[in-house]
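Have a look at the structure below, then the notes.
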Amino acid sequence: MNRNLVSALALVSMLALLGGCNEEAQPQKPAPQFGVVQVAKIYQESRLGKQGVARVGELEDKAMAVFTDLQAKLEKARADKNEAEVQKLEKDLQSRVYFLQNVIKQDQEHVMNVLQTEMKKAFDQCRTDNGLLGLFTEEVLPSYSPEVDVTDKVKAILDAGTADFGELPSLDMPALPEPANATKAEEAAPAEEAAAPEAAPEAPAAPAPEAPAAPASK
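FYI, the numbering for the sequence shown is -25 to -1, 1 to 193, going by mature numbering (1 follows the signal peptide of the UniProt record, and there is no 0).
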């Protein structure tokens, strides 16, 4: 019986050793060499992305307030049948709408430029910190394993940054400069008048010739 017990214990020990060897023989899963970033999530959830969306919305609201105020003035001028004021406000409204559209478009481009610049910096830092060869956006690599998703890491780097978009642009239209040629003409006119010689006084009229004397009678 003792012999059987010893044999059983030896068999169990051997099986345990074999199991350990099998576990060690299993290859380790390689570490990811590339990462994937959900850019849309970065735009929507990062601090800088939220600030950009809020900024664009605030500027659009202010532009709409300017437009509404001008439109109300135009409607009042029409109700008062003030044709001169109507024409002036219609022209002003048209130029102001064009100006506001340009300001909003340029600021949207500014927001995107800042976001893309800061996101590129966050991508580079994330790649370096995690020893990756490169990062892909989700649009380029639609199928991937969850362990290669580094979106939250990129977002954390962005949120730790101090970048912002600066002050909102002004919605006041700059005054149009006076035409240069008109200004010079106005300045030259008085000088020309001062330089012009005074007109010579009119010469006195020549005396009329006397009539010849009548011959003496004989």
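Even for Gly, the Cβ is constructed at its ideal location relative to N, Cα and C.
_Beta carbon of V11 nearer than 7 angstroms to that of F111_ = yes
_Endpoints, the alpha helix (DSSP H) within which F42 is located_ = R22 to A54
_Within a Cβ cutoff of 6 angstroms, which residues of the same chain sit near E60, ignoring the five residues on either side of it in sequence?_
A52
*asked:* Would the stretch 62 to 72 count as touching the stretch 83 to 96 if we require 3 or more Cβ pairs under 8 angstroms?
replied: no
*Where does G141 land, buried or exposed, given buried means 16+ other C-beta within 10 angstroms?*
exposed
*Quick one: is L23 buried, meaning 16 or more other Cβ sit within 10 Å of its Cβ, or exposed?*
buried
_Terminal residues of the alpha helix (DSSP H) in which V89 lies_ = E58 to D104
_6 angstroms CB neighbourhood of V123 in its chain, flanking five on each side removed_ = P7, G10 and V11
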